[in-house]
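Residue numbers (my numbering): 42 to 324.
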């Protein structure tokens with residue numbers, strides 16, 4: 042069984058409160074849409090390049106979708122954005138807290154005059170009838186699974202035939218030894234609450250196939266604005282051209298070539314915890 046063991050010192054809410062109190066983590070908290078300004082977090086996500094690309098994928102692979110499951114919903118940024126975009130949204134979130142859990146979702150929706158059903162559940166045991174949704178949207182959620190195969194199977198069960206699983210920004214490691222250890226050691230939030238995790242690309246792929254999905258699209262770390270956040274293609278290009286190698290190459294080559302070379306080099310890094318996203322169709 043593909044699973045994980047959690048050894049938390051603090052709750053997720055307590056961990057985020059600690060990070061919010063330390064100025065050196067301000068950018069991390071901002072980029073993760075986890076500031077104390079819940080409504081502003083929601084607004085920024087709804088207007089992000091990441092969410093625009095998400096809507097494009099839904100339109101491309103499940104045009105006419107109405108019913109969306111957002112799981113896990115966290116502090117509600119995607120529930121807000123999807124509801125504002127006109128979808129019927131059900132949010133699944135096991136954390137009840139007012140800062141990063143169901144309470145935060147309720148606050149965001151209420152202040153915006155939006156409505157969505159909010160459910161206390163884990164992804165491995167979704168309390169819904171089979172074939173209830175057109176889309177299951179999972180943002181940074183599969184890698185938190187206690188049982189990856191069970192969670193993906195539940196996504197397949199609740200989707201209608203031809204329905205879309207959009208699993209975004211999932212952490213990938215090369216192995217469950219040094220690669221996973223290096224990733225976890227670099228995650229400051231993991232040191233506080235112990236809930237971070239990652240799986241190998243092979244295990245993500247296998248879980249999707251085992252659940253009966255057809256994988257329509259697999260996006261690597263630099264293939265989509267979804268995985269680039271908090272960068273955008275423009276920001277990434279500026280960083281590449283502004284680096285020392287980029288400045289040197291820019292004296293000899295067009296900027297477009299310098300950017301392509303920079304991205305090629307980044308793709309070779311295989312950094313532990315790199316982000317992948319999956320577009321999968323229920324059969």
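Glycine is no exception: its CB is placed at the ideal position from the N, C-alpha and C atoms.
- According to the DSSP assignment, residue 86 belongs to the alpha helix (DSSP H) that extends over 79 to 87.
- Within the stretch 150 to 184, no alpha helix (DSSP H) run of at least 4 residues lies entirely inside it.
- Under the DSSP definition of a beta bridge, residue 292 lacks any partner.
- For the options 241, 298, 232 and 319, the alpha carbon positioned closest to that of residue 264 is the one of 319.
- Per DSSP, the unbroken beta strand (DSSP E) holding residue 212 starts and ends at 200 to 214.
- By the C-beta criterion, the stretch 66 to 77 is judged not to be in contact with the stretch 184 to 202, since fewer than 3 inter-stretch pairs fall below 8 Å.
- When beta bridges are read from the DSSP output, residue 317 appears opposite 211.
- Here the alpha carbon of residue 111 sits roughly 12 Å from the alpha carbon of residue 163.
- One thing to note: residue 206 has its Cβ within 9 Å of the Cβ of residue 179.
- Excluding sequence positions up to five before and after residue 134, its CB lies within less than 6 Å of the CB of 113, 114, 142 and 143, all in the same chain and listed in chain order.
- When rounded, the separation of the alpha-carbon atoms in residue 104 and residue 238 is 33 Å.
- By the criterion of a C-beta distance shorter than 8 Å, residue 272 is surrounded in its chain by 280, once the five residues flanking it on both sides are discounted.
- Between the alpha carbons of residue 158 and residue 125 lies a distance of about 14 Å.
- Residue 273 sits in coil when the DSSP states are folded into three classes, being neither helix nor strand.
- Separation of residue 146 and residue 249 (C-alpha to C-alpha, rounded to the nearest whole angstrom) is 29 Å.
- Secondary structure at residue 112: coil, using DSSP grouped into helix, strand and coil.
- Sixteen is the threshold: when 16 or more other Cβ atoms of the shown chains lie within 10 Å of the Cβ of residue 120, as they do, the residue is buried.
- The Cβ atoms of residue 224 and residue 313 sit closer than 9 Å to each other.
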